[in-house]
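Student: One structure follows; several queries about it will come next.
Number of protein chains: 4
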Amino acid sequence: MNQSKILKDLISDNLVSDPNGARGRLLKEAARLFRDKGYERTTVRDLAAAVGIQSGSLFHHFRTKEEILKAVMVETIRLNTALMQAAVDAAPTSQEKLRALVRAELESVNGQTGEAMAVLVFEWRSLAEESQADVLELRDIYEKLWLDTLESLRQEGRLLADPFVVRRMLTGALSWTVTWYRPERGGLTLDGLTDQTMAMMGFAAGT
Amino acid sequence: MNQSKILKDLISDNLVSDPNGARGRLLKEAARLFRDKGYERTTVRDLAAAVGIQSGSLFHHFRTKEEILKAVMVETIRLNTALMQAAVDAAPTSQEKLRALVRAELESVNGQTGEAMAVLVFEWRSLAEESQADVLELRDIYEKLWLDTLESLRQEGRLLADPFVVRRMLTGALSWTVTWYRPERGGLTLDGLTDQTMAMMGFAAGT
Amino acid sequence: MNQSKILKDLISDNLVSDPNGARGRLLKEAARLFRDKGYERTTVRDLAAAVGIQSGSLFHHFRTKEEILKAVMVETIRLNTALMQAAVDAAPTSQEKLRALVRAELESVNGQTGEAMAVLVFEWRSLAEESQADVLELRDIYEKLWLDTLESLRQEGRLLADPFVVRRMLTGALSWTVTWYRPERGGLTLDGLTDQTMAMMGFAAGT
Amino acid sequence: MNQSKILKDLISDNLVSDPNGARGRLLKEAARLFRDKGYERTTVRDLAAAVGIQSGSLFHHFRTKEEILKAVMVETIRLNTALMQAAVDAAPTSQEKLRALVRAELESVNGQTGEAMAVLVFEWRSLAEESQADVLELRDIYEKLWLDTLESLRQEGRLLADPFVVRRMLTGALSWTVTWYRPERGGLTLDGLTDQTMAMMGFAAGT
DNA sequence: TATGAATGAGGGTTCATTCAT
DNA sequence: GATGAATGAACCCTCATTCAT
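If you read the protein sequences in the order shown, they are chains P, G, B and S. The first sequence begins at 1 in full-length UniProt numbering and counts up by one. The second sequence begins at 1 in full-length UniProt numbering and counts up by one. The third sequence begins at 1 in full-length UniProt numbering and counts up by one. The fourth sequence begins at 1 in full-length UniProt numbering and counts up by one.
Okay, structure coming up:
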C-alpha cells in the first residue's frame with residue numbers, strides 16, 4: 001500500500017484533514033511555521049496570513065492557538081503511525097524493518113510533507129499538559145513498532161544496547177537532523193542518511 | 001586536572017562568571033529556567049525573581065534578555081570545551097576518548113552544574129543571528145574534539161559511518177536525554193547511560 | 001378582561017409578537033438572557049443558540065443586536081401598559097388602583113412571562129439614544145397611569161409626598177426586587193410583597 | 001466627627017486609598033466611568049486615559065480590570081459604612097436615625113465624592129462570584145445599621161412593614177435616584193429629596 | 001430564510017525595556 | 001547598583017456583522 005493510498009484512507013476516516021480543505025491547509029502551514037520559528041514565536045496573525053485569512057477567522061476552525069498545535073501533532077502522529085506500520089509490514093527481516101523505520105522517520109522529519117514531525121518533537125513543551133496526555137496515548141502505538149523491532153534485533157544478538165534506550169537515542173538523533181540536514185544542497189540523500197544511521201549502529205549496508 | 005580546578009582557572013581568566021557572584025548566580029538560574037520552561041516562556045521577571053531582584057535591575061547587568069541567553073551559551077561552551085579537552089587528554093585510546101566525550105556531554109546535559117548545555121542545544125533558534133555567529137566560532141573548537149576522535153576510530157576501522165554525521169546524530173541523541181533521563185528515579189546511572197550509548201554504536205563495555 | 005385576552009388583542013394588532021412565532025420566541029429568550037446576564041454580556045451567539053439557530057440567521061430578523069433590545073423594550077412596554085390600564089380600570093378606589101399597579105409591576109418584573117420589565121429598567125443605558133427617545137414616548141402613557149393614581153391619593157390626603165418623586169422611588173424599589181426576591185424559595189408571595197410595599201407607604205392591608 | 005476626618009482616618013489605616021495618590025485617583029475615575037458608561041462599556045484604555053497613563057501601566061496597580069471594580073466597591077463600602085455609622089450615632093431618635101441614613105445614602109449615590117455607590121449597586125453583576133463573597137461580608141456591617149434602625153421603628157409602631165423588605169425597597173429606591181435626580185437643574189435639594197423619601201413612608205418632616 | 005465561513009475592529013493582558021529617584 | 005512605576009508594542013482572543021451559497 002503506497003503512501004498516497006494510506007493518506008487517502010486516513011482522510012476518508014476523518015483521522016487526518018484533507019490538505020486541500022481549509023483546515024488541512026492551515027495545519028500544513030502551521031506545521032511549517034512552528035518548525036521554522038517555533039510555536040511561541042509564531043503569532044496567530046502569522047498563521048492566518050499564511051493561509052490568506054484574517055486572524056479572527058482562525059478561531060472558526062480552532063478554539064485556541066494551542067488547539068492548532070495539538071491538531072498538528074495528533075494528525076502527524078496518526079499519519080506517521082500508518083506509514084511506519086506499512087513500512088514495517090513490508091520489510092522481511094528485523095534489520096530491514098529497522099532500516100524502514102529509520103528511513104520513514106527521516107522522511108517524516110525532513111520530507112516535504114512531514115515538517116510536522118519536527119513540531120511533535122521540538123514543541124512538545126508548548127503543549128498543555130492535558131493535551132500531552134491525549135497525544136501520548138497515540139504515541140504509544142507508534143513507539144511500540146520501534147520497540148518490537150529493536151527487541152527482535154536484540155534477541156537475534158544484533159543489538160547490544162537496551163531497546164528502550166536505543167529508541168530514545170534514535171528519537172533525538174533522527175529528529176535533530178532537521179536542524180542540519182539539507183539535501184537540496186547536494187550531498188547526502190535520504191537513503192544515504194539512512195545508511196549512515198544504520199552504519200553508526202554497526203549495521204553495514206546490505207547485511 | 002579535576003573539574004573544580006578547570007572551573008577556577010576559567011573564572012580567574014574571566015572566561016566564566018564566578019557562580020557566587022551576582023552575574024554568575026543569574027546565569028545559573030537563567031540556564032535552569034531556560035531549560036525548564038524555554039527561553040520564550042521565561043520572562044525577565046522570572047529571571048529577576050529567581051535571584052531576588054526586581055526586573056528593572058537586571059538591565060544593569062545585561063542590556064537585553066537575549067544577551068543573557070548568549071552569555072549562558074558562551075560560558076557553557078567555554079566550560080564544556082575545557083572539560084571535554086581534559087577528558088580527551090586523559091583517555092589513552094580512541095574508544096576511551098569517545099567514551100569520555102559521551103560521558104562528559106551526558107553529564108553536561110543532565111548534571112547539576114551543567115543544565116546550560118541543554119539550553120545551548122534547544123534554544124539555539126532563539127539566539128539572534130549575529131549572536132549565533134559568535135557562538136558558532138566557539139563551538140567549532142568544541143566540535144573538533146569530537147570529530148578528531150571519531151575520525152581516529154574511523155581510520156582504525158571501528159566506526160563505519162561518516163564522523164561528521166555521527167557527531168550530529170550524537171548531538172541529537174545525547175541532548176535529547178534531557179527530556180527523558182531521570183537518574184533520581186533509580187535505574188540507569190550516568191555511567192550506565194554512557195555504556196548504553198557506546199553499546200548502541202557497537203562498542204561493548206570494556207573493549 | 002383577563003391577561004391572555006389582552007395579549008391576544010395586542011398580537012392581532014401587531015403591537016406585540018406572537019410568542020409562538022420565530023420573532024416572539026427570540027424576544028422572549030432575549031429578555032431572559034438580558035435580564036440574567038445583562039445586554040453587554042449576552043452575545044448574539046447566545047441569543048441564536050437560545051432559539052436554536054445560527055448567529056448569522058439572527059440578522060434576517062433584526063438588523064442589529066441593539067434592535068433586539070429595543071424590540072424587547074417596546075413590546076414589553078406595550079404589553080405592560082395594557083395590563084396596567086386593565087388593572088387600574090378594574091380597581092374602584094385610588095388605594096386599590098395603587099395596589100393593583102404595584103402588584104402588576106411586581107409581576108412584570110418577577111413573573112414568568114414578564115422578565116422583560118427588568119431589562120427595560122436595568123439595560124436602559126445600553127439603548128442607543130435615538131431609540132431611547134422612541135421608547136420614552138411609549139413610556140409616558142405608562143407613567144401617566146401611575147401619576148394619575150398617585151395624584152388622586154395625594155388629593156385625598158393619603159399620600160404626603162410628591163407623586164412624581166414617589167413614582168420614581170417606586171420604580172427603583174420595585175425593579176430592584178428582581179435582584180433579591182426569590183418566591184420559589186418559599187416565603188413571601190407576590191401578594192405578600194405587594195402588601196409589604198403598601199405597608200411601607202403607610203397603607204395597611206385592606207384599608 | 002466630620003466627613004473629612006473620617007476619610008482621613010480610613011486613609012491612614014490603609015482602608016481607603018488616598019485620592020491624591022495614583023491608586024486613589026484611578027479608583028475615583030474608574031468609579032465615575034463605571035457609573036456613567038457601565039463596567040462592560042468602559043475599556044481599560046478609557047480608564048488609563050482618564051488618569052493620563054498607558055493602558056499597560058494600569059496593570060502595575062491592579063492585576064485585572066475586575067480587580068479595579070472590586071477595589072472601587074470595597075473602598076466605597078468602607079467609606080460609607082463609616083459615614084453611616086457616624087450619621088446614626090449623631091441622631092437621637094429612631095426616626096432621625098432613619099432620616100440620617102436616607103440622607104447619607106442619597107449623598108453617597110448622588111454626591112460629588114460618592115459616585116462609587118452607584119457602581120456598587122448597579123455593577124454588582126459584573127463582579128466575579130468570588131469577589132462578591134468578599135464584598136458581601138463588608139456589606140453586612142453596613143446593612144446592619146439599616147436593619148437595626150428599621151427594627152426599632154417597627155417596635156415603636158411607626159413602621160408597618162418588615163424591616164428586611166423595607167431596606168431592600170429603599171436600596172432600590174435610593175440607588176435609582178442616580179438615574180433621574182439632577183440637583184444642578186434647580187428644584188429639589190438633597191434635603192428636600194430626603195424629606196420626600198420620609199414622607200413617602202408616612203413620616204412627615206419634623207415629626 | 002438559513003447557514004457558516006469570514007471579517008476587522010477592538011477587547012483585556014503581557015512583557016522587555018526605560019528612567020527618575 | 002537597585003528600585004518600581006511607566007511605557008508601548010504586541011499578544012491571543014471575542015464578537016457584531018456580512019455575504020456567498
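Heads up, the beta-carbon is just placed ideally off N, CA and C, and yes, glycines get one too.
#1: From which residue to which residue does the alpha helix (DSSP H) around W146 (chain B) run?
#2: Do three or more CB pairs link the stretch 63–70 of chain G to the stretch 127–138 of chain G at distances below 8 Å?
#3: Following the continuous alpha helix (DSSP H) through G56 (chain G), name the residue where it begins and the one where it ends.
#4: Between G52 (chain P) and chain G, is there a C-beta pair that is closer than 8 Å?
#5: Applying a beta-carbon distance threshold of less than 8 Å, which residues of chain P neighbour M201 (chain G)?
#6: Just how far apart, CA to CA, sit E96 (chain B) and E143 (chain S)?
#7: Relative to chain B, which residues along the UniProt domain "HTH tetR-type" (20–80) of chain S have a C-beta separation below 7 Å, given in chain order?
#8: When you compare each of G:G157, G:E151, G:Q155 to P163 (chain G) by their alpha carbons, which one comes out closest?
#9: Tell me, to the nearest whole angstrom, how far the beta carbon of M200 (chain S) is from that of M201 (chain B); I am working on the premise that it is less than 8 Å.
#10: Excluding the five sequence neighbours on either side, which residues of its own chain have a C-beta within less than 7 Å of the C-beta of N80 (chain P), listed in chain order?
#11: Across the stretch 70–77 of chain B and the stretch 20–37 of chain B, are there enough close Cβ pairs to call them in contact, namely three or more that are closer than 8 Å?
#12: Is A116 (chain G) close to chain P? Criterion is C-beta to C-beta, closer than 8 Å.
#13: What residues of chain P sit near M169 (chain G), judged by a beta carbon separation below 9 Å?
#14: Suppose you measure from the CA of Q3 (chain P) to the CA of V16 (chain P); what does that come to, to the nearest Å?
#15: What in chain B is Cβ-close to V88 (chain S), meaning under 9 Å?
#16: How far does the alpha helix (DSSP H) with P92 (chain P) in it reach, from first residue to last?
#17: Who are the near neighbours of T177 (chain G) in its chain, counting only those whose CB is closer than 8 Å to its CB and skipping five residues on each side?
#18: Tell me whether A133 (chain G) is buried or exposed, calling it buried when 16 or more other Cβ atoms sit within 10 Å of its Cβ.
#19: Do R23 (chain B) and H61 (chain B) count as a contact pair if the criterion is CB distance below 8 Å?
#20: From the beta carbon of A104 (chain S), is the nearest beta carbon of chain B less than 8 Å away?
#21: Identify, in the order they occur along the chain, each residue of the same chain with its Cβ nearer than 7 Å to the Cβ of A82 (chain S), setting aside the five sequence neighbours on each side.
#22: Does the beta carbon of D134 (chain P) sit closer than 8 Å to a beta carbon anywhere in chain G?
#23: Looking at E184 (chain G): is its Cβ nearer than 8 Å to the Cβ of E40 (chain P)?
#24: Using the rule of at least 16 other Cβ atoms within 10 Å of the residue's Cβ for burial, across every protein chain shown, is R45 (chain P) buried or exposed?
#25: Using C-beta distances below 7 Å, list every residue in its chain close to A48 (chain P), excluding the 5 sequence neighbours before and after it, in chain order.
#26: Could you check whether the Cβ of V165 (chain S) sits closer than 8 Å to any Cβ belonging to chain B?
#27: Between W146 (chain G) and chain P, is the shortest Cβ-Cβ distance under 8 Å, so that the two count as touching?
#28: Does the distance from the CB of L101 (chain S) to the CB of A90 (chain S) come in under 8 Å?
#29: Among S:G38, S:V121, S:S94, which residue has its Cα nearest to the Cα of L174 (chain S)?
#30: What three-state label does DSSP hand D36 (chain B) in the structure shown?
#31: To the nearest angstrom, how far is the alpha carbon of W146 (chain P) from that of L98 (chain P)?
#32: For R25 (chain B), which residues in the same chain have their Cβ closer than 6 Å to its Cβ, ignoring the five residues on either side in sequence?
#33: Would you say D127 (chain S) lies against chain B (beta-carbon separation less than 8 Å)?
#34: Out of curiosity, what's the CA-to-CA distance linking L190 (chain B) and T197 (chain B)?
#35: Measure the alpha-carbon distance for K70 (chain P) versus R103 (chain P) and round it to whole angstroms.
Tutor: Reading off the structure:
#1: By 1-based counting over the third sequence, the position of residue 146 (chain B) is 146. 129–155 is the span of the alpha helix (DSSP H), which, as asked, contains W146 (chain B).
#2: Enough Cβ pairs lie closer than 8 Å, so yes.
#3: Taking the second sequence and counting its residues from 1, the one referred to as residue 56 (chain G) is at position 56. According to the DSSP assignment, G56 (chain G) belongs to the alpha helix (DSSP H) that extends over 55–58.
#4: Locating residue 52 (chain P) in the first sequence gives position 52, counting from the first residue. It does not: the Cβ of G52 (chain P) has no partner Cβ on chain G nearer than 8 Å.
#5: Your numbering for residue 201 (chain G) matches position 201 in the second sequence. What M201 (chain G) touches in chain P: M200, M201, G202.
#6: Along the third sequence, one-based indexing puts residue 96 (chain B) at 96. Along the fourth sequence, one-based indexing puts residue 143 (chain S) at 143. Cα-Cα distance, rounded: 32 Å.
#7: Here the close residues are G38, E40, R41.
#8: On the second sequence, position 163 is the one that residue 163 (chain G) refers to. Distances from the alpha-carbon of P163 (chain G) to those of G:G157, G:E151, G:Q155 put G:E151 closest.
#9: The residue you call residue 200 (chain S) lines up with position 200 of the fourth sequence. The residue you call residue 201 (chain B) lines up with position 201 of the third sequence. Confirmed, Cβ separation roughly 6 Å.
#10: Residue numbering aside, residue 80 (chain P) sits at position 80 when the first sequence is read from its first letter. For N80 (chain P), where only same-chain residues beyond five positions count, the Cβ hits under 7 Å are S108, M117, Y142.
#11: Contact holds: three or more Cβ-Cβ distances are below 8 Å.
#12: One-based indexing of the second sequence puts residue 116 (chain G) at position 116. A116 (chain G) does not count as touching chain P.
#13: Residue 169 (chain G) sits at position 169 when you count from the first residue of the second sequence. Taking a Cβ-Cβ cut-off of 9 Å, the neighbours of M169 (chain G) in chain P comprise M169, L170, G172, A173, L174, W176, T177, Q196, T197, M200, given in sequence order.
#14: Here residue 3 (chain P) corresponds to residue number 3 of the first sequence, with the count starting at 1. Here residue 16 (chain P) corresponds to residue number 16 of the first sequence, with the count starting at 1. Q3 (chain P) and V16 (chain P): Cα-Cα distance of roughly 14 Å.
#15: Mapped onto the fourth sequence, residue 88 (chain S) falls at position 88. Neighbourhood of V88 (chain S) in chain B, by CB distance below 9 Å: empty, with the nearest CB roughly 20 Å away.
#16: As a working mapping, residue 92 (chain P) is identified with position 92 in the first sequence. Note, P92 (chain P): premise wrong, no alpha helix (DSSP H); not H, not E.
#17: What you label residue 177 (chain G) is simply residue 177 of the second sequence in a count that begins at 1. Result list for T177 (chain G): L106, V109, N110, L193, in chain order.
#18: On the second sequence, position 133 is the one that residue 133 (chain G) refers to. Within 10 angstroms of the beta-carbon of A133 (chain G) lie fewer than 16 other beta-carbons, which makes it exposed.
#19: Within the third sequence, numbered from 1, the residue matching residue 61 (chain B) stands at position 61. Within the third sequence, numbered from 1, the residue matching residue 23 (chain B) stands at position 23. A Cβ-Cβ contact shorter than 8 Å links H61 (chain B) with R23 (chain B).
#20: Position 104 of the fourth sequence holds residue 104 (chain S). At least 8 Å separates the CB of A104 (chain S) from every CB of chain B.
#21: Reading the fourth sequence from its first residue, position 82 is the one you call residue 82 (chain S). Same-chain partners within the cutoff: I6, L10.
#22: Along the first sequence, one-based indexing puts residue 134 (chain P) at 134. So no, D134 (chain P) is outside the interface.
#23: Against the second sequence, residue 184 (chain G) aligns to sequence position 184. Against the first sequence, residue 40 (chain P) aligns to sequence position 40. No.
#24: Taking the first sequence and counting its residues from 1, the one referred to as residue 45 (chain P) is at position 45. Under this definition R45 (chain P) is an exposed residue.
#25: Residue mapping note: residue 48 (chain P) aligns to position 48 of the first sequence, counting from 1. Excluding positions up to five away in sequence, the list reads Q54, S55, S57, L58.
#26: By 1-based counting over the fourth sequence, the position of residue 165 (chain S) is 165. Answer yes: the Cβ-Cβ gap between V165 (chain S) and chain B drops below 8 Å somewhere.
#27: By one-based count along the second sequence, residue 146 (chain G) stands at place 146. Judged by the 8 Å Cβ criterion, W146 (chain G) is not in contact with chain P.
#28: For this step, residue 101 (chain S) is matched to residue 101 along the fourth sequence. For this step, residue 90 (chain S) is matched to residue 90 along the fourth sequence. Not closer than 8 Å, so no.
#29: One-based indexing of the fourth sequence puts residue 174 (chain S) at position 174. Closest option to L174 (chain S), Cα to Cα, is S:V121.
#30: For the purposes of this step, residue 36 (chain B) is identified with residue 36 of the third sequence, where counting begins at 1. In the structure shown, D36 (chain B) adopts helical secondary structure according to DSSP, grouped into three states.
#31: On the first sequence, position 146 is the one that residue 146 (chain P) refers to. On the first sequence, position 98 is the one that residue 98 (chain P) refers to. Spanning the alpha carbons of W146 (chain P) and L98 (chain P) requires a straight line of approximately 8 Å.
#32: Residue mapping note: residue 25 (chain B) aligns to position 25 of the third sequence, counting from 1. For R25 (chain B), where only same-chain residues beyond five positions count, the Cβ hits under 6 Å are V51.
#33: In the fourth sequence, counting from the first residue as 1, residue 127 (chain S) sits at position 127. The displayed chain sequence assigns Leu, not Asp, to residue 127 (chain S). Interface criterion not met: the Cβ of L127 (chain S) is under 8 Å from no Cβ in chain B.
#34: The sequence position of residue 190 (chain B) within the third sequence is 190, counting from 1. The sequence position of residue 197 (chain B) within the third sequence is 197, counting from 1. So the two alpha carbons sit approximately 10 Å from each other.
#35: Taking the first residue of the first sequence as 1, we reach residue 70 (chain P) at position 70. Taking the first residue of the first sequence as 1, we reach residue 103 (chain P) at position 103. Approximately 25 Å between the Cα atoms of the pair.
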